[in-house]
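One structure below.
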Amino acid sequence: MGPLQPRHGRERKAGDRGHGGLHRRLPPGHLHESWRACPEFLRGLSYMKILERVPIAGGSEPHSRALAGVQQLENGDLLVGYRLASRHVVGDHDMIDDGAVVTTRSKDGGRTWSEPHPVAALPGWDCSGGNRMVQTPDGDLVMFVMKARRVGSPESHVHPIRSTDGGLTWGPMGEELALFGAFTEPHAMDHAVITSDGDWMLPIYGADKPGGSTYAAVAFSSDLGRTWGHKTVVARSSKIIFYEPAVIRLPDGRFMAVIRTQEPPFDSYLSYSSDEGRTWTEPRPQPFQGQTPFLFQLRSRAVACFYRDRDPKRPGVSVSMTADGGETWKYAAQVYQGTDWNCGYPSVVRLPDGRLFCVYYSCYEAFNSEVHGVYLSEDE
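So for the sequence shown, the working numbering puts the first residue at 136; every next one is plus one.
The structure is reproduced here in structure tokens:
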């Protein structure tokens, strides 16, 4: 992928992105002072209201439709990318080597959706990337496409592709993202995370050698995403398998990461950085069992974490909230009630009318999974 140079003529207004835009740094202490000034009902925000559910991608023929992500574009369109693959006898998308990346578009706020539009398909490879799509400061889309072979000798490679026209067309695959010795996988959704010095920060995870310990990290780019240099460790342990880290800028300037774990009890872990992602605090477990985390800042200044819920009492997609920067969390709602753990990768945008729109993939039924959306309102 070539350099992502800023293009002129795209004026942005503060708040266009609802979730905090570029996550620019605010003065230290701003967050804590603002929370102390908040009414009690904001600091006690504890649930969301489910308004309506809509189908995005499905059909009568069994297919694996999974690993979805949503973007709200400058022209108001909603763009959802997901992985489309054939039916498989076990109904498990991890065992299919014919997946392709496709997108679907809505021009009416998510009510109706276009037919799938092909983005990336390689014979003999399983391709995914809809859940690794970010929007840049000047409105471009960058998708990190993973091509994998799961049959025979497993291997995977990640390459960025770029769209400058809202996902109508995509450029060629760029240089492979290889930041770990064995494999590298980004957990990048929403918008590019920008540090105070203008670097891009990319949440990633991987292992340094085949069979080695998997850990969470962030990588940095000083050339607008063209190349990625050094990485810093967010969460690593010889006893815990850390996977996808989700990162958000808190109003006091710190970065907060919520990290997935891959073995029971599946507790989510949390870490902070006060130096623009260069170092991170010792990760500590949280009171929810969330995988595939997605962080979103609400209008109340609270942060919502959407996740695949590994609590055996409520499989599906859930959301928990914190109004004190992750010090405490409250369970807010079950966004989707599933039948097992094979679902999720929630992705969220704020619509112009203030509602939230959450996209996820459903559990397999009769070897078929679908992409759904749900409208949510904040409890304010």
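Here a beta-carbon is modelled for each residue, glycine too, at the ideal position from N, C-alpha and C.
{"Item": "Does the distance from the C-beta atom of Gln426 to that of Arg395 stay below 8 Å?", "Value": "yes"}
{"Item": "Report yes if the C-beta distance between Ala220 and Asp261 is below 8 Å; otherwise report no.", "Value": "yes"}
{"Item": "Since Trp415 and Thr367 are thought to touch, with beta carbons under 8 Å apart, how far apart are those beta carbons, to the nearest angstrom?", "Value": "7 Å"}
{"Item": "Grouping DSSP H, G and I as helix and E and B as strand, with all else coil, what is Gly216?", "Value": "strand"}
{"Item": "Mind checking which residues open and close the beta strand (DSSP E) that includes Ser291?", "Value": "290-298"}
{"Item": "I want to know whether the region 299-318 touches the region 339-359 - three or more CB-CB distances under 8 Å.", "Value": "yes"}
{"Item": "Measure the Cβ-Cβ separation of Trp248 and Ala192 and say whether it is below 8 Å.", "Value": "yes"}
{"Item": "Contact between the region 449-461 and the region 472-483 is defined here as three or more beta-carbon pairs at a separation below 8 Å; is this criterion met?", "Value": "yes"}
{"Item": "Please tell me whether Pro258 has its Cβ less than 8 Å away from any Cβ of chain B.", "Value": "As a matter of chain content, chain B is missing from the structure shown, which is built from one protein chain."}
{"Item": "For a test of the three-state rule: what should DSSP assign to Arg267, helix, strand or coil?", "Value": "helix"}
{"Item": "With three or more C-beta pairs closer than 8 Å as the rule, is the region 402-416 touching the region 381-391?", "Value": "yes"}
{"Item": "Relative to the C-alpha of Lys344, which residue among Phe401, Gly412, Glu290 is closest?", "Value": "Glu290"}
{"Item": "Which of the three DSSP states, helix, strand or coil, is assigned to Arg445?", "Value": "coil"}
{"Item": "Which two residues bound the contiguous beta strand (DSSP E) that contains Leu433?", "Value": "Segment: none, Leu433 is in no beta strand (DSSP E) and carries neither H nor E."}
{"Item": "Measuring alpha carbon to alpha carbon, tell me which residue in Thr238, Ser373, Pro399 is nearest Gly346.", "Value": "Ser373"}
{"Item": "Secondary structure at Ser497, three-state DSSP: helix, strand or coil?", "Value": "coil"}
{"Item": "Give a yes or no on whether the C-beta atoms belonging to Ala501 and Pro253 are separated by under 8 Å.", "Value": "no"}
{"Item": "I'd like the list of long-range same chain contacts for Gly301, defined as Cβ closer than 6 Å, with 5 residues on each side in sequence excluded.", "Value": "Leu208"}
{"Item": "In the DSSP assignment, the beta strand (DSSP E) including Glu513 goes from what residue to what residue?", "Value": "506-513"}
{"Item": "Would Pro418 and Ala381 qualify as a contact pair, given that the criterion is a beta-carbon distance under 8 Å?", "Value": "no"}
{"Item": "Comparing alpha-carbon positions, which option in Gly306, Ser348, Arg371, Met278 lies nearest Asp325?", "Value": "Met278"}
{"Item": "Going by Cα to Cα distance, which pick from His292, Val215, Ala468 is closest to Leu511?", "Value": "Ala468"}
{"Item": "Just grab the DSSP bridge partners of Ile339 for me.", "Value": "Pro321, Ala352"}
{"Item": "Output the residue ranges of the beta strand (DSSP E) runs that lie fully inside the region 343-413 and measure 3 residues or longer, sorted by chain position.", "Value": "349-356, 366-370, 377-384, 390-396, 404-408"}
{"Item": "Could you check what DSSP says for Asp261 in three-state terms: helix, strand or coil?", "Value": "strand"}
{"Item": "With a CB to CB cut of under 8 Å and the five nearest residues on each side skipped, what residues in its chain are close to Gly364?", "Value": "Ala354, Phe355, Ser356, Ser357"}
{"Item": "Inspect the beta-carbon positions of Pro295 and Gly309 and report whether they are closer than 8 Å.", "Value": "yes"}
{"Item": "Between the C-alpha atoms of Gly179 and Gly306, what's the straight-line distance to the nearest angstrom?", "Value": "In this prediction, Gly179 scores a pLDDT of 41, lower than 50, which makes its location untrustworthy; the coordinate-derived value is nonetheless stated afterwards. Approximately 46 Å, taken between the alpha carbons."}
{"Item": "Using C-beta distances below 7 Å, list every residue in its chain close to Asp444, excluding the 5 sequence neighbours before and after it, in chain order.", "Value": "Gln424, Gly425, Pro450, Gly451, Val452, Ser453"}
{"Item": "Around the C-beta of Ser241, are 16 or more other C-beta atoms found within 10 angstroms, so that it is buried, or is it exposed?", "Value": "buried"}
{"Item": "Is Met456 helix, strand or coil when you go by DSSP?", "Value": "strand"}
{"Item": "Go to Glu187, then tell me how far its beta strand (DSSP E) extends in each direction, as first and last residue.", "Value": "183-192"}
{"Item": "Less than 6 Å between C-beta atoms, sequence neighbours within five positions excluded: which residues of the same chain meet that for Ala235?", "Value": "Leu219, Ala256, Cys262"}
{"Item": "Would DSSP call Pro481 helix, strand or coil?", "Value": "strand"}
{"Item": "With a cut-off of 8 Å on the beta carbons, I'd call Asp327 and Gln397 a contact; round off their distance for me.", "Value": "Asp is not the amino acid found at residue 327; the sequence shown has Ala there. Between Gln397 and Ala327 the Cβ distance is about 26 Å, and since that is not below 8 Å, they are no contact."}
{"Item": "Along the beta strand (DSSP E) that carries Met281, what are the first and last residues, could you check?", "Value": "276-284"}
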